[in-house]
Amino acid sequence: MATKKNTAGNASFEESLRRLEEIVNQLEQGDVPLEDSLRLYEEGIELSKVCARRLSQAELTLNKLGKDLEGKFTLTDEELE
Amino acid sequence: MADQAPLTVSALTLRIKQSLEKGFPSLAVVGELSNFKQHTSGHLYFTLKDESSQISGVMWRSRVPALKFRPQDGMKVIVTGRLSVYEVRGTYQIDVSTMRPLGAGDLQLAFEELKNKLAAEGLFAEERKRPLPEYPERIGIITSPTGAVLHDMLHVFKERFPAVALVFRPARVQGAGAAEDIVASLADLNAYGKLDLIILARGGGSLEDLWPFNEERVARAIAASKLPVVSAVGHEVDYTIADFVADLRAPTPTAAASLVVPDKKAILEILRNSGYTMRQAIASRITMNRKHILHLLKSYSFHRPMDLLRRHSQHVDELSRTMMTAMTHRHELAAAHLKGVEERLSALNPVLVLKRGYTIVRKEGAIVGLRSGLRKADAVEIEFADGRARSTILDV
Numbered sequence: 010m011a012t013k014k015n016t017a018g019n020a021s022f023e024e025s026l027r028r029l030e031e032i033v034n035q036l037e038q039g040d041v042p043l044e045d046s047l048r049l050y051e052e053g054i055e056l057s058k059v060c061a062r063r064l065s066q067a068e069l070t071l072n073k074l075g076k077d078l079e080g081k082f083t084l085t086d087e088e089l090e
Numbered sequence: 002m003a004d005q006a007p008l009t010v011s012a013l014t015l016r017i018k019q020s021l022e023k024g025f026p027s028l029a030v031v032g033e034l035s036n037f038k039q040h041t042s043g044h045l046y047f048t049l050k051d052e053s054s055q056i057s058g059v060m061w062r063s064r065v066p067a068l069k070f071r072p073q074d075g076m077k078v079i080v081t082g083r084l085s086v087y088e089v090r091g092t093y094q095i096d097v098s099t100m101r102p103l104g105a106g107d108l109q110l111a112f113e114e115l116k117n118k119l120a121a122e123g124l125f126a127e128e129r130k131r132p133l134p135e136y137p138e139r140i141g142i143i144t145s146p147t148g149a150v151l152h153d154m155l156h157v158f159k160e161r162f163p164a165v166a167l168v169f170r171p172a173r174v175q176g177a178g179a180a181e182d183i184v185a186s187l188a189d190l191n192a193y194g195k196l197d198l199i200i201l202a203r204g205g206g207s208l209e210d211l212w213p214f215n216e217e218r219v220a221r222a223i224a225a226s227k228l229p230v231v232s233a234v235g236h237e238v239d240y241t242i243a244d245f246v247a248d249l250r251a252p253t254p255t256a257a258a259s260l261v262v263p264d265k266k267a268i269l270e271i272l273r274n275s276g277y278t279m280r281q282a283i284a285s286r287i288t289m290n291r292k293h294i295l296h297l298l299k300s301y302s303f304h305r306p307m308d309l310l311r312r313h314s315q316h317v318d319e320l321s322r323t324m325m326t327a328m329t330h331r332h333e334l335a336a337a338h339l340k341g342v343e344e345r346l347s348a349l350n351p352v353l354v355l356k357r358g359y360t361i362v363r364k365e366g367a368i369v370g371l372r373s374g375l376r377k378a379d380a381v382e383i384e385f386a387d388g389r390a391r392s393t394i395l396d397v
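Listed in order, the protein sequences are those of chains P and H.
Using this note's numbering, read the first sequence as starting at 10 and increasing by one per residue.
Using this note's numbering, read the second sequence as starting at 2 and increasing by one per residue.
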């Protein structure tokens, strides 16, 4: 499964989580210079905030896939509930 | 080619009629009913078909009262009768004397036959199964536009991982034309493409209701799908051919929803743990540096003149201040003093965290912080506040 960018061009949720995991491992191993570790820490905290925000603010969307007269795909919003 | 005396159309038709009717005086045929019509005259007209062929059939009014069921499009039936040619239109058809629906026994047999055939082709092989993305963002769903299945699945997605976009392709999931519609749906979602996986779902029902999911063309469409397919058909006890060929079989539609997305709560927990681990790492780093500076201070003071000592001392103060500013301002550590950092560190002692009910999972001695660090059947050690337990991962 290749990591991918989402439609907005931002890092995907999966990518953000993987990067966070990487940072935590690096900080735990403690072999990065102090300046770098502060920078990593900052990036890590930001990533965990972004991920948490995406989870708690996300709203499920449902679209119905159809086709128009020319056979092109159309997406229509569906009511949730 | 030698010139032949031309035949009249009637003469040719008569010869075809004699040849066919003598050739097939009595037959039994199995197929799917379509275009079923009861004419006002009382005769029944229909088409019998299978994967690639079809034949017309007729049942005369006099035989209709003997029928023990109501024939409908999409039903699998066995008919007996003979072949007849209708000269006026130049067509042939089965003159049906009896018709019965394919029973559970017949269906079971067809199921086993197709299962063996596809298994022999390697369509169910474990190596063909594609892994599902751990954090899907867009999921295609094929199911009935009516019924509770979609609604129930939406509920699970909402609760468990609302950060997904669902693309719903409504399809007939039982009766006439269901298999064709499912095949078309899989093709549509693959052509649309912007998806991480497809869930093919249907609620519970009889063996006949679930039959489209036992059709060869559906099995082949699943196998041909570029996107991974999760089958979620019927109840837990129902197994269909679609289940065997799909990349993952879910016991029910709602189970499928749970299986394909991670649990929001578990991820939030991982995020919290990450924050804790990072703060702890930085805090111990600061402590280490502080000790190192103190050590330097001591050794220099024995050998260097006072001004040098003061310069170093000043440098140390600056370094401390810089670190303090970085810690308090940028990293939300409340410690106004390095000693405070140490106290905080001890308060974050993992043992205290364990006492609050958290556990640490280790694989081969290394801490596993994320589910992705685990594989099925991994032996792990779980550390509780009061000791350790060993465990095996059933599934991830």
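Positions of the beta carbon are idealized from the N, C-alpha and C atoms, including for glycine.
Exposed or buried, what is residue i when buried is set at 16 or more other beta-carbons lying within 10 Å of its beta-carbon?
i: W212 (chain H); result: buried
i: D264 (chain H); result: exposed
i: T278 (chain H); result: buried
i: V168 (chain H); result: buried
i: S207 (chain H); result: exposed
i: S11 (chain H); result: exposed
i: E33 (chain H); result: buried
i: L8 (chain H); result: exposed
i: S54 (chain H); result: exposed
i: F214 (chain H); result: buried
i: V31 (chain H); result: exposed
i: H338 (chain H); result: Unreliable positioning characterises H338 (chain H) in this predicted model, as indicated by a pLDDT of 45, which lies under 50. A coordinate reading is not provided.
i: T255 (chain H); result: buried
i: S63 (chain H); result: exposed
i: A1 (chain H); result: The structure shown does not extend to residue 1 (chain H), since chain H is modelled only from 2 to 397, so the question has no answer here.
i: G204 (chain H); result: buried
Please look up how many angstroms separate the CB atoms of residue i and residue j, rounded, as I've assumed it's under 8 Å.
i: L56 (chain P); j: L29 (chain P); result: 4 Å
i: T360 (chain H); j: A378 (chain H); result: That belief does not hold up - the Cβ atoms of T360 (chain H) and A378 (chain H) are roughly 20 Å apart, past 8 Å.
i: V238 (chain H); j: I223 (chain H); result: That belief does not hold up - the Cβ atoms of V238 (chain H) and I223 (chain H) are roughly 21 Å apart, past 8 Å.
i: L124 (chain H); j: A220 (chain H); result: 7 Å
i: V317 (chain H); j: I294 (chain H); result: 5 Å
i: L355 (chain H); j: E384 (chain H); result: 7 Å
i: I164 (chain H); j: F82 (chain P); result: Before going on, a small fix: residue 164 (chain H) reads as Ala here, not Ile. In fact, because the Cβ distance is near 23 Å, the residues do not count as touching under 8 Å.
i: R83 (chain H); j: P26 (chain H); result: 5 Å
i: R391 (chain H); j: E382 (chain H); result: 5 Å
i: V86 (chain H); j: I17 (chain H); result: 6 Å
i: F158 (chain H); j: A258 (chain H); result: 5 Å
i: I142 (chain H); j: L187 (chain H); result: At roughly 12 Å, the Cβ-Cβ gap does not stay under 8 Å, so I142 (chain H) and L187 (chain H) are not in contact.
Express the C-alpha separation of residue j and residue i in angstroms, rounding to a whole number.
i: K38 (chain H); j: L103 (chain H); result: 20 Å
i: K299 (chain H); j: A67 (chain P); result: 56 Å
i: M289 (chain H); j: A386 (chain H); result: 27 Å
i: E24 (chain P); j: R291 (chain H); result: 35 Å
i: K364 (chain H); j: D153 (chain H); result: 36 Å
i: Q5 (chain H); j: L13 (chain H); result: 13 Å
i: R389 (chain H); j: L133 (chain H); result: 32 Å
i: S35 (chain H); j: P66 (chain H); result: 20 Å
i: M60 (chain H); j: H44 (chain H); result: 6 Å
i: Y46 (chain H); j: I95 (chain H); result: 10 Å
i: V234 (chain H); j: T147 (chain H); result: 15 Å
i: A335 (chain H); j: D77 (chain P); result: Only weak support is given to the placement of A335 (chain H): the predicted model assigns it a pLDDT of 44, under 50, and the question is left unresolved by the model.
i: A225 (chain H); j: P351 (chain H); result: 50 Å
i: E128 (chain H); j: L119 (chain H); result: 15 Å
i: A166 (chain H); j: E138 (chain H); result: 6 Å
Along the beta strand (DSSP E) that carries residue i, what are the first and last residues, could you check?
i: D86 (chain P); result: F82 to D86
i: F37 (chain H); result: L28 to Q39
i: L84 (chain H); result: K77 to Y87
i: D244 (chain H); result: That residue, D244 (chain H), is in no beta strand (DSSP E); its alpha helix (DSSP H) goes I242 to V246.
i: V59 (chain P); result: No beta strand (DSSP E) contains V59 (chain P), which is instead part of the alpha helix (DSSP H) from L43 to Q66.
i: L260 (chain H); result: Element bounds for L260 (chain H): not the beta strand (DSSP E) but the alpha helix (DSSP H), P254 to V261.
i: E27 (chain P); result: A quick correction: the sequence has Arg, not Glu, at residue 27 (chain P). Premise fails: R27 (chain P) lies in the alpha helix (DSSP H), F22 to Q38, not in any beta strand (DSSP E).
i: A233 (chain H); result: V230 to V234
i: K69 (chain H); result: Unbroken run through K69 (chain H): none, as it is neither H nor E.
i: N215 (chain H); result: No beta strand (DSSP E) holds N215 (chain H); DSSP gives it neither H nor E.
i: K76 (chain P); result: T70 to K76
Can you tell me where the alpha helix (DSSP H) holding residue i begins and where it ends?
i: P7 (chain H); result: Unbroken run through P7 (chain H): none, as it is neither H nor E.
i: M154 (chain H); result: V150 to R161
i: I183 (chain H); result: A179 to Y193
DSSP beta-bridge partners for residue i?
i: A282 (chain H); result: DSSP output for A282 (chain H) lists no bridge partner at all.
i: I361 (chain H); result: H:E384
i: G58 (chain H); result: H:F47 and H:I95
i: A172 (chain H); result: Per DSSP, none; premise fails for A172 (chain H).
i: P102 (chain H); result: H:V78
i: L249 (chain H); result: H:V231
i: I143 (chain H); result: H:R170 and H:L201
i: R391 (chain H); result: H:E382
i: I368 (chain H); result: H:R363
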